Amino acid sequence: MIIAERKPIDEIYAMIKPFNKILVVGCGGCVTVCLTGGERSVSVLAEQLRLKDNLEGGSRTFTEVTITRQCDAEYVETIRTQAADADAILSMACGVGVNYMTEILDDAITLPAMDTKALAANIRSGEWAERCAACGSCMLEETGGICPIARCSKSLMNGPCGGTQDGKCEVNADLDCAWAKIVVRMEKLGRLDELTELSPPRDWSTGRHGGPRGMIVEEALMDDDAEE
Ligand code: SF4
Ligand code: SF4
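Letter by letter, the sequence shown follows residues 237 to 464 of the working numbering.
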């Protein structure tokens, strides 16, 4: 899932300051699962902004709404009228939501209340950790299922940097060295010798690794066509 963290209140307040009527929009997707951008978070943020605005002598209004997903036009359309009535939308979704609301509601100004962090797994209650950098060309079969792009601090593709200390990363000793983990894993699988093969540089010209990426699922396209 995508994880995103709310920006500090002062930063958000500075962003909304030029506007009077603010529509705070939550997202019921990933950010609800990681407890940062759903209905409850919208309510907390709107209340904090009201209090802060009061203290600053402002008279801004903060309207709250949460839609199922901000990355889906069908749901974004449901707030078109509310958006038209607001001076600015404050989005509590990941960056995909902010971009897509800007695209769909293009007369409105959409501002980001969140910092999007990563594609992450829920390690334990309340803790998420990055496990994929969405590189567009998965090579986990070469590294025993452990991603060197997302999990090595330097995204090294061909073995450790030499700074590994007792299985920990030299950049951040709280983190396991991804390459130490890969070596242990490949040894366990009896595939250690495969790590002597060099991974070639990535070909950025193909569109598979770089640039704005997307995908088309033909089956879903046909379903949509049939509905029209
Ligand atoms: S190689 Fe890593 S970053 Fe790329 S798709 Fe696989 S898990 Fe994600
Ligand atoms: S110590 Fe390991 S995880 Fe850290 S940067 Fe070097 S190779 Fe990557």
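We put the CB at the ideal spot given by N, CA and C, even for glycine. These numbers were taken from a predicted model, which means no experiment stands behind them.
The alpha-carbon separation between Thr302 and Arg449 amounts to approximately 27 Å. Per the Cβ contact rule, the region 382 to 402 is not in contact with the region 335 to 350 (fewer than 3 Cβ pairs under 8 Å). Under the three-state reduction of DSSP output, Arg286 falls in the helix class. Not one heavy atom of ligand 2 is found less than 6 Å from the C-beta of Cys263.
Within the model, the alpha-carbon separation for Gly262 versus Arg305 is close to 8 Å. Gly447 and Glu292 have their alpha carbons spaced roughly 43 Å apart. Counting along the chain, no alpha helix (DSSP H) covers Val261; the unbroken beta strand (DSSP E) around it starts and ends at Lys257 to Cys263. Excluding residues up to 5 positions away in sequence, Thr346 lie with their Cβ nearer than 7 Å to the Cβ of Thr338 in the same chain.
If you draw a straight line from the Cα of Glu310 to the Cα of Arg421, it comes to about 44 Å. Look at Ser295 here: in three-state DSSP terms it is coil, with no helix or strand label.
Put simply, the residues with a CB less than 7 Å from any heavy atom of ligand 1 are Arg367, Cys368, Ala369, Ala370, Cys371, Gly372, Ser373, Cys374, Met375, Leu376, Cys383, Ile385 and Ala386, in chain order.
Beta-bridge partners of Pro348 (DSSP): Ser327. Within the region 380 to 458, no run of beta strand (DSSP E) at least 3 residues long lies entirely inside it.
A check of alpha carbon separations from Ala240 across Pro437, Thr352 and Glu366 identifies Thr352 as the nearest. Set against 6 Å, the gap from the CB of Glu406 to the closest heavy atom of ligand 2 is smaller. Across the set Thr317, Leu434, Ile245 and Asn256, the C-alpha of Ile245 shows the shortest separation from the C-alpha of Glu283.
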